[in-house]
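Note sheet for the following structure.
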Amino acid sequence: MKVQNKTKKNRYFHEEKDEKPKKSDSSTDVQVFNIKITPRNITKQRFKEARNIKNVLKRGRDPKFPGKAPVDPNSLERHSRGEGFQERGVRHPLHALKLKKKENKYKYAQEQAARAEILLTEDQGLIEVGEGEKTTAVSQKIIAENVDIAAATKIFDLNLDFGPYRAKYSRNGRHLLLGSKQGHLAAFDWVTKKLHCEINVMESIHDISWLHVETMIAVAQKEWLYIYDNTGTELHCVKRMDKILRMEFLPYHFLLAAVNEYGFMSWLDISIGEIVGHYNNRIGRTTVMTQNPHNATICLGNSKGVVSLWAPNVKEPLAKILCHKTPLTAIAVDNRGMYMATSGVDRSLKIWDIRNLDGPLQHYKLRSPPVDLNFSQKEMLAVGLGDVVEIYKYMATSGVDRSLKIWDIRNLDGPLQHYKLRSPPVDLNFSQKEMLAVGLGDVVEIYNNCCSQTTEKPYLRHRMAKSICNFNFCPYEDVLGVGTSSGFTSIIVPGSGEPNFDALESNPFQTKKQRKEAEVKALLEKIPAELITLDPFDVMQVDVPSMKEQMEAKKKLLHIKPKNVDFTPRHKNKGKTNIARKKIIKSAMRKEIIDQAIEAKKMLEEPEKETESAPKQSFGVLDRFVPKMKSKK
8 MKVQNKTKKN RYFHEEKDEK PKKSDSSTDV QVFNIKITPR NITKQRFKEA RNIKNVLKRG
68 RDPKFPGKAP VDPNSLERHS RGEGFQERGV RHPLHALKLK KKENKYKYAQ EQAARAEILL
128 TEDQGLIEVG EGEKTTAVSQ KIIAENVDIA AATKIFDLNL DFGPYRAKYS RNGRHLLLGS
188 KQGHLAAFDW VTKKLHCEIN VMESIHDISW LHVETMIAVA QKEWLYIYDN TGTELHCVKR
248 MDKILRMEFL PYHFLLAAVN EYGFMSWLDI SIGEIVGHYN NRIGRTTVMT QNPHNATICL
308 GNSKGVVSLW APNVKEPLAK ILCHKTPLTA IAVDNRGMYM ATSGVDRSLK IWDIRNLDGP
368 LQHYKLRSPP VDLNFSQKEM LAVGLGDVVE IYKYMATSGV DRSLKIWDIR NLDGPLQHYK
428 LRSPPVDLNF SQKEMLAVGL GDVVEIYNNC CSQTTEKPYL RHRMAKSICN FNFCPYEDVL
488 GVGTSSGFTS IIVPGSGEPN FDALESNPFQ TKKQRKEAEV KALLEKIPAE LITLDPFDVM
548 QVDVPSMKEQ MEAKKKLLHI KPKNVDFTPR HKNKGKTNIA RKKIIKSAMR KEIIDQAIEA
608 KKMLEEPEKE TESAPKQSFG VLDRFVPKMK SKK
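Numbered per the working numbering, the sequence shown finishes at 640, counting up by one with no gaps.
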């Protein structure tokens with residue numbers, strides 16, 4: 008190896024000069040060395056490092072690096088898993104040790120979730136106005152002038168001739184589906200305005216719904232249920248589901264729930280093409296229907312002001328709530344499954360805690376009965392009043408009594424809030440940030456923070472050119488889409504959408520390959536329809552087999568004659584004296600002796616019966632001369 012640098016590196020190399028160096032032809036002198044590489048003693052170095060670490064630990068922590076950064080207690084409270092277990096009720100120490108380890112895992116997950124909040128770079132924004140001004144005075148024109156060009160393109164109107172229209176967004180918020188009463192069906196990417204398909208089915212459309220992917224569409228037409236792809240090609244015609252009025256798709260169970268004009272409810276499993284539930288709900292015709300995303304139950308409202316919760320495996324309602332004294336006009340449930348908003352013909356809006364349905368959380372009085380209600384991802388509530396849309400900030404039900412009520416679904420004791428509206432709401436809808444949209448005729452009102460506290464005025468208000476049919480908040484966008492009798496209108500509601508999306512849950516920017524992989528993964532993680540209950544955590548409870556089930560299992564295992572066991576519980580007669588017990592024993596013995604005597608008498612009578620019933624001797628042709636026995640009359 009030739010080295011032209013004359014500097015010596017004695018640390019790593021031993022140098023030995025040649026006895027007879029060769030002379031080079033060039034004018035510059037070049038020295039030639041024989042180099043031997045000696046390995047370092049790694050074990051000694053590691054021992055020294057370990058010894059230094061021990062010395063640091065003995066002295067204490069380094070003041071430059073005191074350890075992990077402290078976690079904000081408010082963040083820990085937001086990600087709390089609930090109260091821990093109590094060792095008082097655990098009998099065996101081994102079980103207590105297992106529960107303690109499980110509790111430590113919960114605390115670790117809570118801490119990690121609180122620390123990961125710093126990665127959520129996006130934050131929710133709201134409209135801020137000066138002192139003495141109202142946010143309802145901010146129109147869509149003012150919003151469009153003060154936002155960037157990309158956000159301003161989200162405000163648009165579609166004037167269509169085949170209204171009234173129903174509109175629904177896909178789960179990832181990228182695609183929009185429109186269906187009209189006169190048969191017009193259209194699907195497109197509303198961000199890029201790229202049209203997927205546009206057809207006319209030549210009969211009335213009552214409801215529309217996206218399925219598990221944006222390439223499949225369910226359409227409830229005049230007679231039957233049809234399924235199309237994103238190019239408008241008919242894939243299936245389900246004739247067992249006829250006269251459908253409303254539909255809801257349950258994405259984690261792959262179930263399409265529907266109710267028809269005769270009051271029959273159906274659950275279609277689209278993964279296998281079978282109906283897993285079909286029965287009459289006995290409440291008659293209804294168009295007030297929504298789903299609880301928390302436990303996948305279906306909420307139905309009827310003309311008596313009662314909201315009932317349904318599951319496919321139970322033919323009776325799981326729960327019933329008398330929300331209004333007048334017919335219901337709209338129901339909405341937020342994404343967390345905590346709040347339910349109901350509105351009635353009496354112009355009242357009530358917000359309920361579904362966990363405790365004792366009464367509504369809030370009660371509002373509206374100007375007119377709302378046409379529709381809808382919650383955003385940030386729990387804003389949009390209310391449709393005729394041709395006006397008002398946005399409030401929480402879950403709601405509305406009735407013809409012009410009332411809007413918001414309930415807590417976990418507590419069914421009563422409404423949390425009660426509002427009086429101008430008119431009966433047409434529709435209700437919650438956003439991802441728990442804003443509540445209320446439709447009152449042609450007006451949409453959006454309420455903010457209307458569930459946890461009483462709101463005196465709406466957050467936003469928008470008036471449409473025509474009356475409102477329904478509306479929906481777009482997931483992961485600050486957008487409210489309103490279907491009217493003359494087309495479709497998209498408006499911006501600042502702060503209504505969730506700014507941070509989970510790409511493994513629903514990705515607005517997914518590719519074709521990611522969509523296929525997500526479909527396969529969702530099918531593998533499909534939840535059976537039998538697990539739909541009011542409390543989804545019932546699955547975590549221990550299933551202890553009863554005595555009857557144990558006996559049946561033993562009978563199947565041993566293949567022997569089963570024992571006659573009375574499974575009814577035996578109640579002990581307490582408080583009787585010795586004399587009463589002696590009488591009971593004496594009567595039991597007397598009964599046993601009588602039974603033995605009856606059995607002995609039967610045994611004595613059996614031989615006589617055998618002789619009488621013994622076959623007679625045959626004499627052939629001479630049997631005609633044998634005397635016959637006289638029959639007793």
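Ideal Cβ positions, reconstructed from N, Cα and C, are used throughout, including at glycine.
All values reported here derive from a predicted model rather than from experimental measurement.
Query                                                                                                                                                                  : Result
Check T143 in the structure and name its three-state DSSP category.                                                                                                    : helix
Compute the Euclidean distance between the alpha carbons of V321 and M347, then round it to the nearest angstrom.                                                      : 22 angstroms
Do the region 133 to 143 and the region 153 to 160 meet, that is, are 3 or more Cβ pairs less than 8 angstroms apart?                                                  : no
Distance check for L257 and D353, CA to CA, integer angstroms please.                                                                                                  : 31 angstroms
Got a sec? Which residues, its chain only, sit under 6 angstroms from V295 by beta carbon, not counting five neighbours each side?                                     : G308, L335 and I338
Under three-state DSSP, which class holds I338?                                                                                                                        : strand
Take Q424 as the anchor and find which of K357, I361 and Q439 has the nearest alpha-carbon.                                                                            : K357
Taking the CB atoms as reference points, tell me whether R181 and E221 lie closer together than 9 angstroms.                                                           : yes
Please name the residue in L252, M387, R85 and I277 whose C-alpha comes closest to that of L242.                                                                       : I277
Evaluate Q548 with the Cβ neighbour count: other Cβ atoms within 10 Å of its Cβ, from every protein chain shown; 16 or more gives buried, anything less gives exposed. : exposed
Looking only at DSSP bridge pairs, what is Y233 linked to?                                                                                                             : V226 and C244
Out of L165, S459 and E537, which one is the CA nearest neighbour of M442?                                                                                             : S459
Take L541 as the anchor and find which of A318, Y454, K563 and H370 has the nearest alpha-carbon.                                                                      : A318
Using only the alpha-carbon positions, how far apart do D168 and N436 sit?                                                                                             : 26 angstroms
Quick one: what's got a C-beta closer than 7 angstroms to N287's C-beta in the same chain, skipping five residues either side?                                         : G270 and F271
Do you know offhand how far L185's Cα is from D509's?                                                                                                                  : 26 angstroms
How should A121 be labelled, buried or exposed, when 16 other C-beta atoms within 10 angstroms of its C-beta is the threshold for buried?                              : buried
Considering L106, what are the terminal residues of the alpha helix (DSSP H) in which it resides?                                                                      : P100 to R122
With distances taken Cα to Cα, identify the nearest neighbour of L538 among D360, G490, I605 and N302.                                                                 : N302
Touching or not, the region 504 to 520 and the region 230 to 242, by the rule of three or more beta carbon pairs under 8 angstroms?                                    : no
Taking the continuous beta strand (DSSP E) assigned at E397, which residues delimit it?                                                                                : V378 to Y399
Determine, using beta carbons only, whether K175 and I215 come nearer to each other than 9 angstroms.                                                                  : yes
Quick check: what's the CA-CA separation for N456 versus P465?                                                                                                         : 10 angstroms
Name, in chain order, the residues that DSSP records as bridge partners for S492.                                                                                      : DSSP, once it has assigned bridges, lists no residue as partnering S492.
Exposed or buried, K108, counting other C-beta atoms within 10 Å across all chains shown (16 or more means buried)?                                                    : exposed
Quick check: what's the CA-CA separation for D422 versus G91?                                                                                                          : In the sequence on display, residue 422 carries Pro and not Asp. Cα-Cα distance, rounded: 30 angstroms.
Evaluate P80 with the Cβ neighbour count: other Cβ atoms within 10 Å of its Cβ, from every protein chain shown; 16 or more gives buried, anything less gives exposed.  : exposed
Would you mind listing the beta strand (DSSP E) stretches within the region 475 to 560 that are 3+ residues and don't spill past its ends, in chain order?             : 475 to 480, 486 to 491 and 494 to 499
Mind checking N267: buried by the 16 CB within 10 Å criterion, or exposed?                                                                                             : buried
Excluding the 5 residues flanking K30 on each side, which residues of the same chain have their C-beta closer than 7 angstroms to its C-beta?                          : Residue confidence is low: K30 scores 48 on pLDDT, short of 50, so the model does not pin down where it sits. Its coordinate-derived value is still stated next. Nothing meets the Cβ criterion.
State buried or exposed for N179, treating a residue as buried only when at least 16 other CB atoms are found within 10 Å of its CB.                                   : buried
DSSP has D276 in a bridge; who is on the other side?                                                                                                                   : L262 and E281
Would you report the Cα separation of K635 and I601, rounded to the nearest angstrom?                                                                                  : 40 angstroms
For the region 145 to 231, list the alpha helix (DSSP H) runs that are entirely contained and at least 4 residues long, ordered along the chain.                       : 147 to 152 and 156 to 159
With DSSP as the reference, please indicate the residues paired to M442 in a beta bridge.                                                                              : M387
S625 by DSSP, collapsed to three states: which one?                                                                                                                    : coil
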